[in-house]
Amino acid sequence: MDKPQSFNPYLSGNPRTLFSRQSRATRRRRILAATLIGTSLVIAATWRPAQAAEEMVIRTMGPVSYVCGGVAEDERAKLTEQEKNFNMGILFTQGPNGEYLSEVDVKLTRDGQPVANFKAGGPRCLIRAPEGSYNIEATYKGQPKSMKISTGTRNAQLRW
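All residue numbers for the sequence shown refer to the numbering used here, where the first residue is 198 and numbers rise by one.
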């Protein structure tokens, strides 16, 4: 006759049985690794770097709403789409070639009273305000410029 075989090879003195401490620790490490990998994949799938076009948020200050942007091609396209919802537009540029500016401090006044203050996040700002004439006072790197603008004017430009 043959030598008697163990009923279960995993239970016959093998230090790594299905229920041993070493096996449980290995399973825990594998489960932890799988969880971390899965979580990383979920985060990677849902996380997107902030894009400039997403930062173009319509902001409201009293009776005035505005949105600024337009450095990138997609931003210019989004502003063009939204232009019909605003009654004024201004472009900030510098130099003889009309290089676009951002981070321009803007103060909008009407009859000498401040209506809105904001920092332009891009060269083009669309503004929705009650009908009338406004003075735009803009400052870039300490240099102020101003102009009078009326509702319905969409292509005003301040150049430094």
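The C-beta atom is built at its ideal place from N, Cα and C for all residues, glycine as well. In this text the structure is predicted, and so the values were computed from the model without any measurement.
Shown here, Thr223 sits in a helix according to DSSP, grouped into three states.
Arg273 has no beta-bridge partner at all, per DSSP. Nearest Cα to Arg356 within the set Asp271, Ala335, Asn284: Ala335.
Restricting attention to Leu288, Arg256, Lys281, the CA atom closest to the CA of Gly319 is found in Leu288. Here the alpha carbons of Val264 and Val301 stand approximately 13 Å from one another. Around Lys345, the same chain offers Ser330, Asn332 as residues with beta carbons nearer than 7 Å, after the five sequence neighbours per side are excluded. Nearest to Lys304 by alpha-carbon distance, out of Pro341, Gly295, Glu280, Glu296, is Pro341.
Pairing Gly339 with Ala317, the inter-Cα distance amounts to about 15 Å.
Under the 10 Å beta carbon count, Ile240 is surrounded by fewer than 16 other beta carbons and is classified as exposed. Counting only residues of its own chain and dropping the five nearest sequence neighbours on each side, Arg325 has a CB closer than 8 Å to the CB of Val261, Ser262, Tyr263, Asn282, Phe283, Asn284, Met285.
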